[in-house]
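Following full-length UniProt numbering, the numbering of the sequence shown begins with 1 at its first residue and continues without gaps.
Where a beta carbon is used, it is the ideal one built from N, C-alpha and C, also for glycine.
This structure is a prediction, so every number in the text was calculated from the model and none was measured.
In what follows, a single structure is set out as structure tokens and then discussed.
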Amino acid sequence: MATYLIGDIHGCYYELRHLLDKVSFDPTKDTLWLTGDLVARGPHSLEVLRFVKSLGSSLKLVLGNHDLHLLGVFAKISRNKPRDKLNELLSAPDADELINWLRRQPILQVDEEKKMIMAHAGITPQWDLETAKMCAREVEAILSSDSYPLFINSMYGDLPNNWSSELTGLARLRFSTNAFTRMRYCFPNGQLDMICKDKPLEAPAPLKPWFDLPSQLPEGYSIIFGHWASLEGKGTPDNVYALDTGCCWGGNLTCLRWEDKQYFTQASLSAPK
């Protein structure tokens, strides 16, 4: 019974299947955790969604910003960009079933026994664990409701970028969504910077990667995240695991076996376009 954690797939279906074959993943006894961004940019988003949905209770995933963008496109709110390669998925006979399943997936996963926390972009240093859970439940509730298009229509935007327990309504949901799915850098006070995408050594002062600021999470917990391919899985504290290694850009798809912290990789099978 092993726990496998895999970074952003981005429609790289065949790389995912090869990687799972390498580790002899068995859905009848193993568990697969995915950091989100299952779809877009890579060529086979439809196949990825069909496969991961078929895994049933052996799957634990969190939604990423590209998954949320797909929901927006599906609801005819966001623009379907050719570079996202979503047409095959959107025109599939089971598109409604797949996308409605996707929007009911979590935005945060916590295993208190293993002391594992997974979110697509990470956990803002302005939150303790209970606040993160509460904010995740709020976002998950609106995404799984019939009102989700209203939220998606108001989701885009960089403000507010500073957490306050007094935030309410769509502003609160937008902050939470940005923190869970888009965050990279923070100011020293924990305020989100939603602009810089540089590598840490190239980022302007006083910005710091979110994981380099003091955490309010309980001692002994680990954070697993994706989203930030330019990190190449490096430069994080010992209890923070960056798993997006840019498969859809010609890099690797990375898997971490939790029990022994062994890494496995599968190189991209197609050059990025």
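Distance, Cα to Cα, residue i vs residue j?
| i | j | result |
| --- | --- | --- |
| S39 | G11 | Rather than Ser, the amino acid found at residue 39 in this sequence is Val. Roughly 5 Å separates the two Cα atoms. |
| P206 | T245 | 26 Å |
| A136 | M118 | 12 Å |
| L16 | I6 | 9 Å |
| S54 | N189 | 43 Å |
| L150 | I142 | 9 Å |
| N252 | A229 | 10 Å |
| Q191 | F175 | 11 Å |
| P125 | P93 | 42 Å |
| A95 | L89 | 6 Å |
| V139 | T254 | 28 Å |
| L231 | T168 | 33 Å |
| D37 | Q262 | 23 Å |
| M116 | S164 | 25 Å |
| T28 | V73 | 34 Å |
| V48 | W249 | 17 Å |
| S144 | S91 | 22 Å |
| C247 | N161 | 30 Å |
| C186 | Q109 | 22 Å |
Exposed or buried, residue i, counting other C-beta atoms within 10 Å across all chains shown (16 or more means buried)?
| i | result |
| --- | --- |
| K85 | buried |
| D218 | Note on residue identity: the sequence assigns Pro, not Asp, to residue 218. So P218 ends up on the exposed side. |
| S147 | exposed |
| P106 | buried |
| W127 | buried |
| A179 | buried |
| M155 | buried |
| D8 | buried |
My assumption, with CB atoms under 8 Å, is that residue i sits in contact with residue j. Please give the rounded CB distance.
| i | j | result |
| --- | --- | --- |
| W210 | G122 | 5 Å |
| M1 | D30 | 6 Å |
| W33 | I224 | 7 Å |
| L59 | T181 | With a Cβ gap of about 19 Å, L59 and T181 do not count as contacting. |
| L269 | Y4 | At roughly 20 Å, the Cβ-Cβ gap does not stay under 8 Å, so L269 and Y4 are not in contact. |
| R184 | K197 | 6 Å |
| H69 | S78 | 6 Å |
So what does DSSP say about residue i, is it helix, strand or coil?
| i | result |
| --- | --- |
| L61 | strand |
| W33 | strand |
| C247 | helix |
| V240 | strand |
| A203 | coil |
| R257 | strand |
| L19 | helix |
| A267 | strand |
| Y14 | helix |
| K53 | helix |
| S24 | coil |
| L68 | helix |
| L38 | coil |
Please confirm whether residue i has its beta-carbon closer than 9 Å to some beta-carbon of chain D.
| i | result |
| --- | --- |
| A2 | Chain labels in this structure do not include chain D; a single protein chain is all it has. |
Query raised in the report: Taking only runs of the beta strand (DSSP E) that begin and end inside the region 109-195, which ones reach a length of at least 3 residues, in chain order?
Result: 109-111, 116-118
**Report entry** Complete runs of the alpha helix (DSSP H) confined to the region 74-101 [at least 4 residues]
**Finding:** 87-90
Query raised in the report: What are the uninterrupted segments assigned as beta strand (DSSP E) that are 3 or more residues long and contained completely in the region 206-230, given in chain order?
Result: 222-225
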